[in-house]
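Undergrad: For the sequence shown, our numbering begins at 11 and goes up steadily by one.
Dumping the structure here so I can ask a few things about it.
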Amino acid sequence: MVQYDYIILGAGASGLMLACRMASDVFFDDKSIVIIDKDRHKGNDRTWCFWEKDKGEWDNMLTKTWTKVFFGSNSYSEQIDILPYQYKMIRSEDFYSSLWKKIEGKSNFTFINDEVVNFTELKQNVQVITKNGSYITSKLFNSIHNVNLYNTQKKYPVLQQHFVGWFVKTKENIFDDSVATFMDFTVPQNGNTRFMYVLPLDKKTALFEYTLFSDELLQLNEYEDAISDYLKQKNITNFEIIEKEKGSIPMTSFKFSQLNSKHILNIGTAGGWTKASTGYTFRNTSKKTKILIDFLKSESDLTKFQKKSKFWFYDLIFLDVLANHNEEGAALFASMFRKTDVKTIFKFLDEESTLLEDLKIILSVPPKRFIQSFFKRLF
Ligand SMILES: Cc1cc2nc3c(=O)[nH]c(=O)nc-3n(C[C@H](O)[C@H](O)[C@H](O)COP(=O)(O)OP(=O)(O)OC[C@H]3O[C@@H](n4cnc5c(N)ncnc54)[C@H](O)[C@@H]3O)c2cc1C
């Protein structure tokens, strides 16, 4: 059986970020590292957006940035200047090719194109079984996400951020590409939390993404009809769809860290690095992989990596409210955006806010549901 120092399962956002950070750090030069993925050439299978203050380390691969966002709802709408933050977009194809270039330059990395079937913690190491082989490692980083682990429990609510997006190209100059529509809740809510997300790339091209925070996925035609209706309502009739994307991202406070062991660390969405209350994962993964590199230099027990934080509890309360009163999401977000500075909201969602800033956010939402949920969880 072949033995490696580190095995990374999955060459998506988290697996590649971790591998790339290892490839950039001399500490890992004498380590044998293998990356296993069943599908290396995924093309442009997703677009990542995230907010970030000033310059960032992924800036060389950005497709577009915005310094203004629009929030819309029936009770409150506003265009908001977010500087010094910027809302940034990366096409996954650019990300994958840039990171692979760096990793392929290192002779201690191997890629295995295979489907992972199973992995098991042994006394001193971990065994990985794939369709065509078997491998041993002393440290396993797993980004292969198993939905059954949290879908079969009842303790924590599981919602999905689910969406279908159309990249639309028009004949005329129509879009104001200086403003990203962050959330437009003026779409019919139909008992859920539903919004349109619009990212104009230039005056003729924009991504329209119909998004829900809810537990049940819709039929494809329901998302697409909603995008069609929205375009009609905005008088955008002369267009072609140049690309489509769809996704479903878990929103849950399920304790992913309990799946970690001395030699196995779950990373990315599989490791609970998706922010439970928003579905955003990319920037958190960037931050966590950076911390992980330093951690690996001084610590060998991977159960010590994940730290408890107050934000886990905030997310849990928020998800309880959204799960039990899914139709109230629009009012809740509108109240938060109306009463709080967007920079404080970003800081809070980035889990970098102070207690005073947390309090500002907590006081900005209608209290009734949150108090109910808080006491339910407490007792
Ligand atoms: C369409 C879409 C858009 C998104 N947009 C955003 C966004 O704008 N901002 C944001 O912050 N987050 C976004 N996300 C959420 C999150 O950032 C991404 O899902 C991100 O790719 C998660 O990284 P990951 O490494 O956990 O998983 P992935 O990137 O999905 O990587 C997992 C890898 O495992 C491989 N794999 C799976 N099963 C096996 C197996 N059995 N054997 C071998 N290999 C296997 C897959 O091929 C894949 O390469 C989006 C998600 C989707 C789906």
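For glycine and all other residues, C-beta sits at the position ideal for the given N, C-alpha and C.
None of these values were measured; they are calculated from a predicted model.
#1: Please report how far the alpha carbon of GLY175 lies from the alpha carbon of PHE292, in whole angstroms.
#2: Please report the distance separating the alpha-carbon of THR75 from that of ASP186.
#3: Within the segment 230-294, note down every full alpha helix (DSSP H) run reaching 4 residues or more, in order along the chain.
#4: Pop quiz: SER107 and GLN170 are said to be a contact at Cβ under 8 Å. What is the actual Cβ separation, rounded to whole angstroms?
#5: Please report the distance separating the alpha-carbon of LYS149 from that of VAL44.
#6: By how many angstroms is the C-alpha of LYS272 removed from the C-alpha of SER310?
#7: Write down the C-beta distance between ASN54 and GLU103 rounded to the nearest angstrom, noting that I regard them as a contact closer than 8 Å.
#8: Kindly indicate the opening and closing residues of the beta strand (DSSP E) around MET206.
#9: With GLY22 as the anchor, note down where its beta strand (DSSP E) starts and where it stops.
#10: Using a Cβ-Cβ cut-off of 8 Å (strictly less than) and excluding sequence neighbours within five positions of THR120, which residues of its own chain qualify?
#11: Are the CB atoms of PHE356 and TYR97 nearer to each other than 7 Å?
#12: Measure the beta-carbon distance from THR203 to GLY82 and round it to whole angstroms, keeping in mind my assumption that it falls under 8 Å.
#13: Does any heavy atom of ligand 1 sit closer than 6 Å to the C-beta of GLU114?
#14: Which whole-angstrom value describes the C-beta separation of THR262 and TYR324, a residue pair presumed to lie in contact below a C-beta threshold of 8 Å?
#15: So, are the CB atoms of SER153 and GLY25 less than 7 Å apart?
#16: Since PHE151 and ILE18 are thought to touch, with beta carbons under 8 Å apart, how far apart are those beta carbons, to the nearest angstrom?
#17: Is any non-hydrogen atom of ligand 1 found closer than 6 Å to the C-beta of ALA344, if you look at the structure I gave you?
#18: Going by C-alpha to C-alpha distance, which of VAL168, LYS314, LYS370 and LEU366 sits closest to GLY289?
#19: Quick one: what's got a C-beta closer than 7 Å to ASN142's C-beta in the same chain, skipping five residues either side?
#20: Hey, would you say the C-beta of GLN325 is under 6 Å away from at least one heavy atom of ligand 1?
#21: Who are the near neighbours of VAL127 in its chain, counting only those whose CB is closer than 7 Å to its CB and skipping five residues on each side?
#22: Taking ASN200 as the reference, give the member of PRO210, PRO260 and LEU228 with the closest Cα.
#23: Using a threshold of 7 Å, state whether the C-beta atoms of LEU275 and PHE315 are closer than that.
#24: Could you check whether VAL189 and PHE80 sit closer than 7 Å to each other, using their CB atoms as the reference points?
#25: Run through DSSP, which three-state label would TYR324 get?
#26: Tell me the DSSP secondary structure of ILE122 in three-state form.
#27: Quick one: does the C-beta of GLY82 sit closer than 6 Å to a heavy atom of ligand 1?
#28: Please confirm whether THR221 and ASN84 have their CB atoms less than 7 Å apart.
#29: Cα separation between LYS297 and MET206?
#30: Tell me whether the segment 375-389 and the segment 327-338 touch, counting them as touching only if at least three CB pairs, one residue from each stretch, are closer than 8 Å.
#31: Return yes when the Cβ of PHE266 is within less than 7 Å of the Cβ of LEU217, no when it is not.
#32: Which residue spans inside the segment 34-66 form an unbroken beta strand (DSSP E) run of at least 3?
#33: So does ILE151 have its beta carbon nearer than 6 Å to some heavy atom of ligand 1?
#34: Take THR295 and list the residues in its own chain whose beta-carbon comes closer than 8 Å to its own, dropping the five residues that flank it on each side.
TA: In brief:
#1: Position 165 of the sequence shown, counting from 1, holds the residue named residue 175. Position 282 of the sequence shown, counting from 1, holds the residue named residue 292. Distance from the CA of GLY175 to the CA of PHE292, rounded to the nearest whole angstrom, comes to 18 Å.
#2: Taking the sequence shown and counting its residues from 1, the one referred to as residue 75 is at position 65. Taking the sequence shown and counting its residues from 1, the one referred to as residue 186 is at position 176. Rounded to whole angstroms, the gap between the alpha carbons of THR75 and ASP186 is 13 Å.
#3: Runs of the alpha helix (DSSP H) spanning 4 or more residues and lying entirely within the segment 230-294 occur at 230-243, in chain order.
#4: Looking up residue 107 in the sequence shown gives position 97. Looking up residue 170 in the sequence shown gives position 160. With 8 Å as the limit, SER107 and GLN170 do not qualify as a contact, their Cβ atoms being about 29 Å apart.
#5: Walking along the sequence shown from the start, residue 149 turns up at place 139. Walking along the sequence shown from the start, residue 44 turns up at place 34. Roughly 11 Å separates the two Cα atoms.
#6: In the sequence shown, residue 310 corresponds to position 300, counting from 1. In the sequence shown, residue 272 corresponds to position 262, counting from 1. In this model, SER310 and LYS272 are separated by some 7 Å (Cα to Cα).
#7: The residue labelled residue 54 in the question sits at position 44 within the sequence shown. The residue labelled residue 103 in the question sits at position 93 within the sequence shown. Going by Cβ atoms, the distance from ASN54 to GLU103 rounds to 4 Å, so yes, they are a contact pair.
#8: Position 196 of the sequence shown, counted from the start, is the residue given in the question as residue 206. That run of the beta strand (DSSP E) goes 203-210.
#9: The residue given as residue 22 occupies position 12 in the sequence shown. GLY22 -> no beta strand (DSSP E), and no H or E assigned at all.
#10: One-based indexing of the sequence shown puts residue 120 at position 110. Correct list, in chain order: TYR14, SER42, ILE43, VAL44 and ILE45.
#11: Looking up residue 356 in the sequence shown gives position 346. Looking up residue 97 in the sequence shown gives position 87. No; because the gap between Cβ atoms is not below 7 Å, this pair is not in contact.
#12: Here residue 203 is taken as the residue at index 193 of the sequence shown, counted from 1. Here residue 82 is taken as the residue at index 72 of the sequence shown, counted from 1. Contact doesn't hold; Cβ gap of about 14 Å is too wide.
#13: In the sequence shown, the residue the question calls residue 114 occupies position 104. GLU114 Cβ: outside cutoff for every heavy atom of ligand 1.
#14: For the purposes of this step, residue 262 is taken as the residue at position 252 of the sequence shown. For the purposes of this step, residue 324 is taken as the residue at position 314 of the sequence shown. In this structure, THR262 and TYR324 do not form a Cβ contact; the two beta carbons are roughly 14 Å apart against a cut-off of 8 Å.
#15: Here the question's residue 153 lines up with position 143 in the sequence shown. Here the question's residue 25 lines up with position 15 in the sequence shown. Contact check for SER153 against GLY25 passes: the beta carbons are separated by less than 7 Å.
#16: For this step, residue 151 is matched to residue 141 along the sequence shown. For this step, residue 18 is matched to residue 8 along the sequence shown. About 5 Å separates the Cβ atoms of PHE151 and ILE18, confirming a contact at the 8 Å cut-off.
#17: Looking up residue 344 in the sequence shown gives position 334. Result no, Cβ not under 6 Å from ligand 1.
#18: The count along the sequence shown starts at 1 and reaches residue 289 at position 279. Closest in C-alpha terms to GLY289, from the list VAL168, LYS314, LYS370 and LEU366, comes VAL168.
#19: Here the question's residue 142 lines up with position 132 in the sequence shown. Only ASP124 meet the Cβ criterion.
#20: Stepping through the sequence shown from its first residue, residue 325 is reached at position 315. For the sequence presented, residue 325 should be read as Asp rather than Gln. Taking the Cβ of ASP325 as the reference point, every heavy atom of ligand 1 lies at 6 Å or farther away.
#21: Against the sequence shown, residue 127 aligns to sequence position 117. Closer than 7 Å at the Cβ level, and outside the excluded window around VAL127, lie ILE139, THR140 and LYS141.
#22: Mapped onto the sequence shown, residue 200 falls at position 190. Comparing Cα positions, the closest option is LEU228.
#23: Here residue 275 corresponds to residue number 265 of the sequence shown, with the count starting at 1. Here residue 315 corresponds to residue number 305 of the sequence shown, with the count starting at 1. In contact: LEU275 and PHE315 (Cβ atoms closer than 7 Å).
#24: Here residue 80 refers to the residue found at position 70 when the sequence shown is read from its first residue. Here residue 189 refers to the residue found at position 179 when the sequence shown is read from its first residue. Yes, the Cβ-Cβ distance between PHE80 and VAL189 is below 7 Å.
#25: Within the sequence shown, residue 324 is the residue found at index 314, counting from 1. The answer is helix: DSSP assigns TYR324 an H, G or I state.
#26: Start at 1 with the first residue of the sequence shown, and residue 122 comes out as number 112. Note: ILE122 maps to strand in three-state DSSP.
#27: On the sequence shown, position 72 is the one that residue 82 refers to. False, no ligand heavy atom lies under 6 Å from that Cβ.
#28: As a working mapping, residue 221 is identified with position 211 in the sequence shown. As a working mapping, residue 84 is identified with position 74 in the sequence shown. Their beta carbons are not under 7 Å apart, which means THR221 does not touch ASN84 by this criterion.
#29: Within the sequence shown, the letter at position 287 stands for residue 297. Within the sequence shown, the letter at position 196 stands for residue 206. Rounded to whole angstroms, LYS297 to MET206 spans 28 Å at the Cα level.
#30: A contact exists between the segment 375-389 and the segment 327-338.
#31: What you label residue 217 is simply residue 207 of the sequence shown in a count that begins at 1. What you label residue 266 is simply residue 256 of the sequence shown in a count that begins at 1. At a Cβ-Cβ threshold of 7 Å, LEU217 and PHE266 do not count as neighbours.
#32: Entirely contained in the segment 34-66, the beta strand (DSSP E) runs reaching 3 residues are, in chain order, 43-47 and 57-63.
#33: By one-based count along the sequence shown, residue 151 stands at place 141. Here residue 151 turns out to be Phe, not Ile, going by the sequence shown. Of the heavy atoms belonging to ligand 1, none sits nearer than 6 Å to the Cβ of PHE151.
#34: Stepping through the sequence shown from its first residue, residue 295 is reached at position 285. Annotation for THR295: ALA23, SER24, MET27, ILE277, GLY278 and TRP283 place their beta carbon closer than 8 Å to its own, counting only its chain and skipping 5 residues before and after.
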